[in-house]
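Okay, so the sequence shown: first residue is 1237 according to my numbering, each after it adds one. No residue lacks a Cβ here, since even glycine has one placed at the ideal position from N, Cα and C.
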Amino acid sequence: MPQQCNSTGSAEVPAGPPLLASRLTAPAPPQPMLWRPRLLGRLDAGAAGALTLVRAPAGWGKTTLLTAWARAADEDPPAWVQVEAGDSGERLWAYLVAALRGVIERPPDGPAALPPVVPLRPDQLEVLAAALAARERPVRLVVDELHRVTDPAVLTGLEFLLRHADGRLRLIAAARADLPPALHRLRLAGELTEIGPDELAFTTDEVADLLVAHGVPLPAVAVAALRDRTGGWPAGLRFAALAARGQSDPPRWAARFGGDHPDVAAYLRAEVLAQLPPPARELLRRCAVGPAIRADLADALTGRADAGQLLAGLARDGGFLHRDDSDPPWYRPHPLLADLLREELADLADGERAALHGRAADWHTDHDRPAEALRHALTAGQWDRATGLLLTHWPELVPYDREPAGVPPPAPPPAEAVRRDPELALAAGAERAYAGDREAAAARLRDAVAAARTLPAPRRDRFRRLALALELTLARLAGDHPEVRRAAARLLATGTGLPGVPAGAGLPRTPAGLAETPAGVDLPGMPTGSSPPGAVAPTDDDPRTGEDADVRAVAGTALGLIELAEGELVVAGAWFGRALAAARRAGRPRTELVDATRTALLLALAGELSPAEETARAALVMPPCQGWSSRVDCGYAHLTLALVALHRDQPTEAVAELAAAGAAMVGASSGAATVGAAMVGAAMVGVVSGVATAGVVAGGDVVGAVMALCRAALLRDAGEPAVAIEVVRRARDELTGTRATPGGEPAGEGDRAGGGELADRLLALEADLRGEQGDLDTARRLLAERARERDPAPVLGLALARVELRAGDVRAAAHALPDWDAPGAADWPLSVRLATGVLDAVLARRGGDERRAGRLLERVLDLSGRHGYRRVFTRAEPEVRDLLAAHLDSGTAHWPAVSDLVRDAEQPAEHGPGEPQRGPGGPERALTEPLTERELTVLRYLQSILSNVEIAAELSLSVNTVKTHVRNIYRKLDATRRREAVRRARALHLL
């Protein structure tokens, strides 16, 4: 008997108390309502399977999303059940059956197809399953707040229906907890779609749309900052949007929005912290002394032995405690929750908080994390320990990454303590510099210098070196490259000299010929412009050699970073190489990581793929890369691996590594790497859709340029050349500091304002993309001035040659192509040299010189072999596949590699002017009889120069058996000789 509704709107059934209609319909969505097509699409796709679970803690928009999805299904709305706390199994089944009754058709001439809504017996579950299975179309059932179900029999019954309804029941559930045990079988069977907090989090574009809908549009920078502060948490963003309406300066207010906002704090306390058991809540509060926590650190802070289990359980549901993929794992609370936890930590007594920071300092010191140890020591008032950390670990206190936001700064040391120990003020300044607070760091440096005037001579020398290191750091933070060079020279002058390097009057742009230059910190008894008294060249037994290695590591790294930022890749590589060796000698893993990751990227840009990959992978397993520290450095390693994967034509790996690099580098500093990120993310298709990142990427314009090169190549492969051109154009504008005209040509001489080699690569890629699209005039204009200079960059000459070849002018292409045999060609990036060699071989073949084309191709294969280059062949000119196939027939020392390249290289879509034509037979016909596995094996050997006797020996077969297979191959391929059979097999992609 169907349910009935009374005047109050509740649904009544004869078997029990009335059922509330409000629990059987989707609730009204919050206003204004923001449609999120990407998530609605995920639900549509998930609803095609048995179970879709939207799982996240409170406030992540689970019900809002399901409501929007249900309301969008006008023609076939899903059944809806709202689970409430305290529902018994009988009561919940009453609602489930009532919801299903509303969508399952009753037989026109028989009894009700559904059982009554009293507690269901097993046989009645079968009746319900049969009724569902009899439907023509599947029934979609939404169960909101599934985690409130406490009766295991209900979950077992739902699982029974999913198994026996013949695929006609699709369950879409929202829950705060993980999948109930009764439904885990669906995960194992691959019938589960999960949508978690990472997907529910608002993107930067969605944050902007939400703010506009609330009438408080913000600048893009403020939107990105608000997204970072809230972690994309929907409830937090709605609180922010509502509160921003009454603010006189919404952008400034949004930058300060945090977990201390009354509405946010009240919500988190009630819906998150109050739901936790007391031990877990106290654990989170005590661990709020730092931005991230590890199980053994939590044990040290709390005195517990089960902190790891508690943290793992809290992180399992996601949303408010994030876990990284290191081993052992690190955990980090959501930014707004971290604000609230620090507020609760402040409720502890001063002595108890100081003791927590002291324990944290102990742990970080023991685990070689001096920067964190220094901050905790200063916060705990452990002045001697802070000074000791500076003296012992000063090279590791130089900032190369962005300190996690929200960590409260320690108070400045008391003046009396600084007077007794000026180096304490340097330690406080180093801590502030590490956190990026340049003004506070400079103030501490001034305090230290003022107090150091009474230092005795032995301590004065040590103090001067430490002060100069802090000066160098402040210059770097200010972005003052000339001052960085001067400060680095002053720091190098404090060493005992570099063996075999003559002294001079200035600091050169390369590591060779380093000089001692005037010092910047003027202390009595230490004349400005002199080296420390008694300085002599060190020997291997000199105890000061380790200190000199520290100086070379820190100064060399700083100089490498500014050269890299200016696009001087070769000079930067030289500095990083020297600094890396010094850091390893001195045992400074943090500095070593910085130098190793930049060296890896520079190796990849130089085309040395194998050492680049090896260096990057080794860097990613270094201790400083664990947790959320050194994220920018890890980003460089991932970017290196993306570039390596791109050259090896591994697009899936390239996309994954680019995503990892973007996640690590977004927001850390300004630079070019926005490269139209939002636009790219919307336009990419297939595997490339995951490449884009929103926000500003650390590492400056260089990182942005490399990301743009990778993204544009992947976009081109995905069939989005117009978007690829826009990505490259924007990155080139940022790198060179100019704006291109709408037609793509540079605005003028200013195009050479900066960028160096990377700017040339971007220019060449843009010209190549425009040439591919048939816009040859624009491509020529882009290259007109640069490629025809007396000594143009090789990549520009290569790009011009390609443009001319596409125009059908083989002679002009050959004239523009740079000489990859010239004496200086060995210094070219290997990828450019290989591409030039391949095009040279193509031009030789176009000119009818097949033998020269083969020789050139063999030389390219010789150069590319150990690095695994593939893209230079597989994504090259259309006829390269034919060139490779002909090379197989003529013989090559790289037969297995060429065979794979022939199989994977792109088939030409059509023939341009002068390209060889196919035979008169037109398109190849498919085989009427397929080849057997053994025949395919023999066919692969027919590509080689081996005779039938040699093939038989290779396969351990008789010669007659091989001959039989060959005859069958000829018959099936409609061929009369070996070369014809191989050609037909390649046309059919059998080879």
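In the displayed model, Pro1388 falls within a helix according to three-state DSSP.
Shown here for Ala1541: same chain residues with a beta carbon closer than 8 Å to its own, the five before and five after excluded, namely Asp1535 in chain order. DSSP places Arg1559 inside the beta strand (DSSP E), whose first and last residues are Leu1557 to Arg1559.
Between Gly1992 and Gly1803, the CB-CB gap stays under 8 Å. In the structure shown, Tyr1331 adopts helical secondary structure according to DSSP, grouped into three states. In the assembly as shown, Glu1588 is an exposed residue. Its beta-carbon has fewer than 16 other beta-carbons within 10 Å. In the DSSP assignment, no residue is bridged to Leu1382.
Comparing alpha-carbon positions, the option among Asp2136, Glu2040, Ala2058 and Leu1839 lying closest to Ala2050 turns out to be Glu2040. Looking at the DSSP output, Gln1318 sits in a beta bridge with Asp1380. Between Glu1970 and Asp1937 a beta carbon distance of about 5 Å is seen, short of the 8 Å cut, so the two are scored as contacting. Its chain contains Arg1291, Arg1552 and Asp1553 as the residues whose beta carbon lies nearer than 7 Å to that of Asp1414, once the 5 sequence neighbours on both sides are disregarded; these appear in chain order. Under DSSP, Arg1530 shares a beta bridge with Trp1566.
Rounded to whole angstroms, Leu2066 and Asp1657 show a C-alpha spacing of 54 Å.
About 5 Å separates the beta carbons of Arg1371 and Arg1404, which is inside the 8 Å limit, making them a contact pair. When only Cα atoms are considered, Pro2054 and Leu2079 end up about 13 Å apart. Per DSSP, Glu1993 lies in no beta strand (DSSP E); the unbroken alpha helix (DSSP H) holding it starts and ends at Gly1992 to Glu2008.
For the pair Leu1504 and Ala1411, the Cα-to-Cα distance works out to about 17 Å.
For Glu1430, the enclosing beta strand (DSSP E) stretches over residues Leu1428 to Ile1431. Beta-bridge partners assigned by DSSP to Ile1408: Thr1288 and Val1378. In the three-state DSSP reduction, Leu1255 falls in the strand class (E or B).
One alpha carbon belongs to Ala1257, the other to Glu1320, and they sit about 14 Å apart. Residue state for Gln1862 is assigned as coil, using DSSP reduced to three classes. By the neighbour-count criterion, in which a residue is buried when 16 or more other Cβ atoms sit within 10 angstroms of its Cβ, Thr2072 is buried.
Glu1372 sits in coil when the DSSP states are folded into three classes, being neither helix nor strand. One thing to note: Leu2005 has its Cβ no nearer than 8 Å to the Cβ of Val1939.
Our two residues, Cys1861 and Thr1833, have alpha carbons roughly 11 Å apart in a direct line. Following the DSSP letters along the chain, one finds Leu1829 inside the alpha helix (DSSP H) bounded by residues Pro1825 to Leu1841. Going by beta carbons, Glu1507 and Ala1286 fall outside the 8 Å limit. Under the 8 Å Cβ criterion, the segment 1374–1394 counts as touching the segment 1324–1344, having at least three qualifying pairs.
Scanning its chain for C-beta atoms nearer than 8 Å, with the 5 sequence neighbours on each side dropped, one finds around Ala1335 the residues Leu1260, Ala1315, Trp1316, Val1317 and Leu1377, in chain order.
Straight across, the Cα-Cα distance linking Ile2187 with Arg2017 is about 54 Å. The alpha carbon of Leu1546 has as its nearest neighbour, out of Arg1530, Arg1722 and Gly1555, the alpha carbon of Arg1530. DSSP places Gly1955 outside any alpha helix (DSSP H), giving it a letter other than H or E. Taking a 10 Å sphere around the C-beta of His2225, we find fewer than 16 other C-beta atoms and assign the residue as exposed. Sequence-distant partners of Pro1263 (beyond 5 residues in either direction) whose C-beta falls short of 7 Å from its own C-beta, in its chain, are Thr1299 and Thr1303.
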